[in-house]
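Reviewing the structure listed below.
6 protein chains.
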Amino acid sequence: MTIRISVINPNTTSSMTALIEGEARRVAGPGTVVTGRTPAMGPASIESHYDEALAVPGLLEVIREDAEADAFVLACFGDPGLDAAREVASRPVIGIAEAAMKTASLLGRSFSVVTTLSRTVGRAWDLARVYGLERQCAGVHACDIPVLELEEDRDRTYGVILAFAKTAMAQDGSDAIVLGCAGMAGLPELLTAELGVPVVDGVAAATVMAEGLVRQGLRPSTHGELAPPPPKAYTGLLAGFGRR
Amino acid sequence: MTIRISVINPNTTSSMTALIEGEARRVAGPGTVVTGRTPAMGPASIESHYDEALAVPGLLEVIREDAEADAFVLACFGDPGLDAAREVASRPVIGIAEAAMKTASLLGRSFSVVTTLSRTVGRAWDLARVYGLERQCAGVHACDIPVLELEEDRDRTYGVILAFAKTAMAQDGSDAIVLGCAGMAGLPELLTAELGVPVVDGVAAATVMAEGLVRQGLRPSTHGELAPPPPKAYTGLLAGFGRR
Amino acid sequence: MTIRISVINPNTTSSMTALIEGEARRVAGPGTVVTGRTPAMGPASIESHYDEALAVPGLLEVIREDAEADAFVLACFGDPGLDAAREVASRPVIGIAEAAMKTASLLGRSFSVVTTLSRTVGRAWDLARVYGLERQCAGVHACDIPVLELEEDRDRTYGVILAFAKTAMAQDGSDAIVLGCAGMAGLPELLTAELGVPVVDGVAAATVMAEGLVRQGLRPSTHGELAPPPPKAYTGLLAGFGRR
Amino acid sequence: MTIRISVINPNTTSSMTALIEGEARRVAGPGTVVTGRTPAMGPASIESHYDEALAVPGLLEVIREDAEADAFVLACFGDPGLDAAREVASRPVIGIAEAAMKTASLLGRSFSVVTTLSRTVGRAWDLARVYGLERQCAGVHACDIPVLELEEDRDRTYGVILAFAKTAMAQDGSDAIVLGCAGMAGLPELLTAELGVPVVDGVAAATVMAEGLVRQGLRPSTHGELAPPPPKAYTGLLAGFGRR
Amino acid sequence: MTIRISVINPNTTSSMTALIEGEARRVAGPGTVVTGRTPAMGPASIESHYDEALAVPGLLEVIREDAEADAFVLACFGDPGLDAAREVASRPVIGIAEAAMKTASLLGRSFSVVTTLSRTVGRAWDLARVYGLERQCAGVHACDIPVLELEEDRDRTYGVILAFAKTAMAQDGSDAIVLGCAGMAGLPELLTAELGVPVVDGVAAATVMAEGLVRQGLRPSTHGELAPPPPKAYTGLLAGFGRR
Amino acid sequence: MTIRISVINPNTTSSMTALIEGEARRVAGPGTVVTGRTPAMGPASIESHYDEALAVPGLLEVIREDAEADAFVLACFGDPGLDAAREVASRPVIGIAEAAMKTASLLGRSFSVVTTLSRTVGRAWDLARVYGLERQCAGVHACDIPVLELEEDRDRTYGVILAFAKTAMAQDGSDAIVLGCAGMAGLPELLTAELGVPVVDGVAAATVMAEGLVRQGLRPSTHGELAPPPPKAYTGLLAGFGRR
């Protein structure tokens, strides 16, 4: 059985898509085909509620047009548009925040999140609550590197994240680290080795979770609120979203 | 002091905008100017996570272009894009679900929500949790009238909602009713009289709450995550949202 | 429509009543008449559970004897006797802690409370929990100025509260301030200007909330536990409370 | 060591005081002296928030004047004025709702409360939450017998409570019963025998809990908010409460 | 890379081990070797807290003696001894209740659990709370078939579980089913087809989760409480557990 | 009435049994007979989830063989096997963590726990949550003295615990201390005197709680999940546990 996983980068920066695709491939099982996808509309990076909201049309369009994929990964730590994505996909969709936190919950008492900007800290806490992991999330720490700078100097990025991870563990008394941005993909192996605790990257975690659902033959329930949305008129710039 | 409140209908159906505007005017104080606004893009009604996500660009555009308003009301019971709206508005923005639930919490032990479609029940519960009113929300009941049919036959609508409200109170042991759709505006007075308990309409509740914030001189905090979003490149259909 | 709001100072110090009345008038809408009320029995200030419990008979008496008011504000941050007050008033009664916290929840991610005495910190947390805002309340900080000294040297009071507010925001990572004592009325405008974040005073917040309920025609539900209390024999000093 | 327990009936009906005193004596250890106390002011029974608030001055007076007691039991299921009582007593004070619920929590998965009037159901739930037993409290059921009628026809009272207890267990899936009114004292032995599950009476539970604290030499902490209240001027009918 | 998963049946009935092994193999990826393990001591089935506690030594012994496995699945829905197992394994250990509930949480708004005996219902709720899924778990329903009878007549078992699943969905308003016993392995495909909603079996869910952790190179944290237990003297029947 | 309390030391170190027995006798009422019990199998001390799980068979055996006791105390702060113990005892069983925390909750706003090893801190938090006291537990502090060293130099032990208790109160803002290990029995009187706040020892707290249940005639409910476990075959080393 070939399993096809589309890993969607919800922002429009294609170098980040390549990074994410690589991380997903590293952990995918034999016989799984991973494809990175970049939306045709939306923000270059996601660093506010505003950006997050405006990234959703683009990623929904990707899903609507991808009939091949068996499952999708949404590679932004805010899990933007996750419920809407599940409605239109009718196939498994995994957000990387959900995947990373639920994976970390299998590995220790509590985890600390190391994320990018301070203004996204509240959003990470909101997600921890929605996913029922408020007690296991011991802290969320922003290193205040803008998303697109994560890629520019990987050595500096590594050093900063390592330092924040150490501080987080000491302050929070946690025993695992969650990387709170898709742009940190590629770092967990080195960090795990150096920190001596599990370091979870959401892209990797979501990829194996998506594969696992496909192997079990499980899809989002269409019995209740995740059934396909009722068709209707859409107007203006977004008129295309009304078509099926 | 003249207070200007823009009441945004997040869907694109202008008859509903008129209905909402009327309800807001009914409760606004002397000297307050209420204006209804309809977005130029998006779905004709909001009945899924998909619709809700795709209503957000349109309402954000309305806010961005309305420099006159002292405060905004978002008149959809899903409170779509509320955080993003507060970021770009830098003025009070009140969602009608938040307003209705927080108002009902002042009036009794617990309230029941009567909403439109079954598939939105979960969303109403999510909001009750986010607003800290999970314990006071005693039940959410869907009358399964599609949003745009609410207007068509107001007598039938009234009768159905009355029946659901009675059932809700009996089943839930609640002592107040929250109307869970902007399209139910205009009904609370009659319902309050007939049911003998407070019936809260979110449009009315949000309008007086918005006025109250303006009178107190309070705006969303720009100290943390609700600061204006950092400017950046946007591409494709949504390129206009990158401009300031 | 003239709206009459009685603002009750639950302690017996009339200079504080005047201060509170002034703050309420500052934010009340055109056509609203605000009257301050001082009870005829009880403690000179409220600084313990004991004081709070013994302030309740006096404020209930004020409500019983005030047939003119359309709504009441209870101007003590412990919201003493709020449920009992709603039972006997059959009109809206708003406590300033409830009002302040619910207002702050509209303005940012989280708020810090600056209150008077350390021994009341636990009570403020209890109220945050009862009102469902435990997660948004990021900290409660006592400046340890006794209630009646707040008025004596307003400059010193202002300086101390400013300093505590700054510390609170830094420690708690909050983006709004709630003033945790009716005796701090009059300070929020200056503090908002200096701190650059919303500063919420409960007396102002409760006043506009009370007006808003009156405009919506909403009263406490008499369907359940807030129905008027059943009449019965009262004895001793409190015999008068049995009469209707 | 003689242990002296004062069991305070917070209402002014002395026949109920006698009933309560008897139940406390039934379970007290050898060498423990139990005395029932009736306040000199307040309501004849407690059936509303209003009654509950106005019962507090009377019970605080009883505590202030009783220098002999080693510990106090507050025998009303609303636990009125419990924090204030602990402040002025500086000795253990146990409320019967707290005692009954914490005792039931040692005996099974969950308990149902059978109480008197429907309008007190919410208060019972509030207490379950405050005491951290919201999950173990599976239901609160009102038999709608007014408090003072409980005594009038004990056979009928027993029959009604038995029936409600059976219904409660079936509906709630609970495995223990808590009697939700001091006036139900004297019934638990018979009910336990007939129902085949533990039936907890708060007066009995609080009495042994009070004894246990005395034997351990434990008193309310005076380090924080339960320290004796600061002295101050009291006026009007309640002027006597300012004296020490 | 060959991945070796040991699937431990915590009871001593080897026919059940075979059933579980088959279900795990059905979903395992290419290149994964699944081995069923039966303990040498303990109860024939787990149907009480007593049985569950006494199953733990046997499963810990299996883990201690299995140096080959890359990860372990604990195939009893009570997740017995999960923390202790993680301490001694130093490799991933997944309990089937945790796996099933966390998997169901990816597929819909809420799930219902269909389990064996009524007396285990409380334990399932406890686990839902520990795993942060109390809100998503909409109900736990016992079909009251003893564990070892599940195998005896698979047609009858299928029919009973199907009926309970339908009832559960109707009563709970849930949109997914979790099978609450390892002995129900093998049924999810048929049930999913007939019910039209996702049906999650914990053995399958845990197997793919275990594989996923191995592929990511993640192990339980040894930084905190899951570090290997300190060696010490053990006496009596259990003396062997002190040796390393 | 003679009340017989068996105080079970869940580890196999008999000097600790003697210490615990003495503490229980100090607080037991006149006419109560306290007997310390040491299991015949299991670990010399309990310092990991592994030790805790393997202590359970030994303590269950003690209960099964002790037909004389009216109630049992489990004297390990992890409350190991508490539910299983209640099933087989059919008489009251009180864990010292449950007893200590529920007792401390009667004495102040919040308590801090001082325990032995850092790796048990998480377990103490878990129990606080299970017992509904998560909010009142203000902190858990490990002094990192191994359990069996607590007895070796009581002066040093006292000094270390005193220092940790002072730090805990300052950091946590708590007003009571809970001693988080049975091996700290004997210290609370001195500590209470020196710290000026209530210091609760679980062995003492559990002993009076057990007596209280016996005096009230209350036993664990056999109606639901705490009914005696169904008999069945046990194999291997644990075969004896299948016999009744």
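Each protein sequence line maps, in turn, to chains S, C, W, P, L and F.
Going letter by letter, the first sequence gives residues -18 to 225 in my numbering.
Going letter by letter, the second sequence gives residues -18 to 225 in my numbering.
Going letter by letter, the third sequence gives residues -18 to 225 in my numbering.
Going letter by letter, the fourth sequence gives residues -18 to 225 in my numbering.
Going letter by letter, the fifth sequence gives residues -18 to 225 in my numbering.
Going letter by letter, the sixth sequence gives residues -18 to 225 in my numbering.
All C-beta atoms, glycine included, are put in the ideal place defined by N, C-alpha and C.
For residue i, the nearest candidate out of the options (CA to CA)
i         : options                                         : result
Val184(F) : Gly59(F), Glu28(F), Pro127(F) and Ala21(F)      : Gly59(F)
Leu108(W) : Ser99(W), Lys147(W) and Cys118(W)               : Cys118(W)
Pro212(F) : Phe222(F), Glu206(F) and Thr203(F)              : Phe222(F)
Arg67(L)  : Ala105(S), Thr188(S) and Leu88(S)               : Leu88(S)
Arg97(S)  : Arg135(S), Asp125(S) and Ser91(S)               : A small correction: the amino acid at residue 97(S) is Thr; Arg does not occupy that position in the sequence shown. When only C-alpha atoms are compared, the closest one is Asp125(S).
Asp32(W)  : Ala65(P), Ala186(P), Val102(P) and Glu28(P)     : Ala65(P)
Arg7(L)   : Thr216(L), Gly62(L) and Gly167(L)               : Gly167(L)
Ala220(S) : Arg90(C), Thr(-7)(C), Ala220(C) and Thr(-17)(C) : Thr(-7)(C)
Glu130(L) : Ala157(L), Met165(L), Gly113(L) and Gly103(L)   : Met165(L)
Val15(S)  : Leu207(S), Glu46(S), Ser26(S) and Gly3(S)       : Gly3(S)
Tyr215(P) : Asn(-10)(W), Leu0(W), Ala21(W) and Ile1(W)      : Ala21(W)
Gly76(S)  : Val111(S), His204(S) and Leu218(S)              : Val111(S)
Pro73(P)  : Val54(P), Met82(P), Glu170(P) and Lys83(P)      : Val54(P)
Pro127(S) : Thr19(S), Gly161(S) and Gln152(S)               : Gly161(S)
Proximal chain P residues relative to residue i, where beta-carbon distance stays under 7 angstroms
i         : result
Gly103(L) : Arg90
Asp64(W)  : His30
Lys83(F)  : Lys83
Chain-ordered neighbours of residue i on chain F, where CB pairs are closer than 7 angstroms
i         : result
Thr213(L) : The sequence shown places Lys at residue 213(L), rather than the Thr named in the question. Per Cβ cutoff of 7 angstroms: Pro24, Ala25 and Ser26.
Ser29(L)  : Glu68, Pro210 and Pro211
Helix, strand or coil at residue i [DSSP, three-state]
i           : result
His122(C)   : strand
Tyr112(S)   : coil
Asp136(L)   : helix
Gly161(P)   : strand
Asp182(S)   : strand
Thr226(L)   : Here chain L covers residues -18 to 225 and nothing more, so residue 226(L) does not appear.
Arg(-15)(F) : strand
Thr203(F)   : coil
Thr173(P)   : helix
Thr(-6)(W)  : coil
Chain P residues whose Cβ lies nearer than 8 angstroms to that of residue i
i         : result
Phe233(W) : Any answer about residue 233(W) is impossible in this case: the structure gives chain W only from -18 up to 225.
Contact set between residue i and chain F, taken where Cβ atoms lie within less than 8 angstroms
i         : result
Gly217(L) : Thr(-7), Pro20, Ala21, Met22, Gly23 and Gly39
Contact set between residue i and chain P, taken where Cβ atoms lie within less than 9 angstroms
i        : result
Arg72(W) : Neighbours of Arg72(W) on chain P: none; closest Cβ ~15 angstroms, over 9 angstroms.
Within chain S, the residues that residue i reaches when beta carbons sit closer than 8 angstroms
i         : result
Tyr112(L) : Ser86 and Gly113
Distance cut-off 7 angstroms: residue i Cβ against heavy atoms of the ligand PLP
i         : result
Gly223(F) : Within the structure as shown, the ligand PLP is missing, as the structure has no ligands at all.
- Along the chain, which unbroken stretches of the alpha helix (DSSP H) at least 4 residues long are found entirely within the region 17 to 89 of chain P? 30 to 46, 63 to 70 and 77 to 85
- Task: Could you please tell me which residues of the region 28 to 52 of chain S, in chain order, have their CB closer than 8 angstroms to any CB of chain C?
- Result: Glu28, Ser29, His30, Tyr31, Asp32, Glu33, Ala34, Leu35, Val37, Pro38, Gly39 and Leu41
- Item | Residues, ordered as in the chain, of the region 168 to 187 of chain F that lie near chain L by beta-carbon distance below 7 angstroms | none
- Task: Please list the residues of the region 190 to 206 of chain C that have a C-beta atom closer than 9 angstroms to any C-beta atom in chain S, keeping them in chain order.
- Result: Gly205 and Glu206
- Item | Interface residues of the region -7 to 14 of chain L facing chain S [CB-CB below 9 angstroms] | Arg7, Val8, Ala9, Gly10, Pro11, Gly12 and Thr13
- Anything in the region 135 to 161 of chain F with a Cβ closer than 9 angstroms to a Cβ of chain P? List those residues in chain order, please. Met150, Gly154, Ser155, Asp156 and Ala157
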